[in-house]
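Numbering (the working numbering), first residue to last: 84 to 309.
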């Protein structure tokens, strides 16, 4: 181990810092947007909504993220219909493919968490809302969703950290985020220990920062009595 390599490794890795944060936050936010309607479908009494949502979460959660990334980036580009579609400017970009794939992967896990929380809402609340003349969507937005999001905040915080870890796989499709930058630096210096130790330390600090943010949110929006 050479201490002289830590600073050059840090300089090389930091070039991918902004891209790592961009992929992480964009994937997480998009994943949460997709997760809610999927969760509502999973908890719906209608089979026509529940079965496709269940199939989606089963396939995504049951296959590796790296394989999904390869299918989206390398596989979809082989289809002529995709290349001629309006989606091609997005799907030919490795960064956009990484964001889309990680987001869909995260959405599947988050949807199951949200669906479980929705199922735990007492039926009496739905009945009380109907008795008051509230429309179902009003009851959902005003009463149910605030409850379930407060209850699952810790799980959502963990999902953000998992998304950050998943962003490291973007280097497999030529995205030069921090892991990609680290691999390039290792190829030049043959110093994997120093380089990935530095990269690991930076990821650890990012994860700690995300955890701190969600810890503050949990404290602020804690459910009374818990």
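Every residue, glycine too, gets a C-beta built ideally from N, C-alpha and C.
It should be emphasised that the depicted structure is a prediction, and the values quoted were computed from it without experimental measurement.
For residue 237, the uninterrupted alpha helix (DSSP H) run begins and ends at 228-249, by DSSP.
C-alpha of residue 99 to C-alpha of residue 178: approximately 12 Å in a straight line. Taking residue 85 as reference, the option from 232, 287, 281, 286 with the minimal CA-CA separation is 281. Between residue 122 and residue 201 the beta-carbon gap is near 6 Å, inside 8 Å, which marks them as a contact. Within the model, the alpha-carbon separation for residue 145 versus residue 269 is close to 32 Å. Ranking 199, 114, 133 by CA distance to the CA of residue 227 puts 199 first. DSSP, read as helix, strand or coil, puts residue 85 in coil.
Annotated three-state conformation of residue 208 is helix, per DSSP. Per the coordinates, the alpha-carbon of residue 276 lies some 51 Å from the alpha-carbon of residue 223. Where residue 295 is concerned, the enclosing alpha helix (DSSP H) starts and stops at 275-303. For the pair residue 184 and residue 151, the CB atoms are nearer than the 8 Å cut-off. With a cut-off of 8 Å on Cβ pairs, the stretch 162-169 is not in contact with the stretch 258-268, counting fewer than three such pairs.
Shown here for residue 289: same chain residues with a beta carbon closer than 7 Å to its own, the five before and five after excluded, namely 247 in chain order.
At the C-beta level, residue 125 and residue 136 come within 8 Å of one another. Taking residue 196 as the centre and dropping the five residues before and after it, the same chain places the C-beta of 235, 238 closer than 6 Å to its C-beta, in chain order.
Residue 213 has its alpha-carbon roughly 43 Å from the corresponding atom of residue 147.
Residue 135 sits in a helix when the DSSP states are folded into three classes. Put simply, of 208, 274, 189, 90 the residue whose alpha carbon is nearest the alpha carbon of residue 112 is 189.
Taken atom to atom, the span from the alpha-carbon of residue 140 to that of residue 169 is near 26 Å.
Residue 169 sits in coil when the DSSP states are folded into three classes, being neither helix nor strand. DSSP, reduced to helix, strand and coil, places residue 272 within a helical segment of the structure shown. For residue 186 against residue 114, the beta-carbon gap comes to about 4 Å, under 8 Å, which counts as contact.
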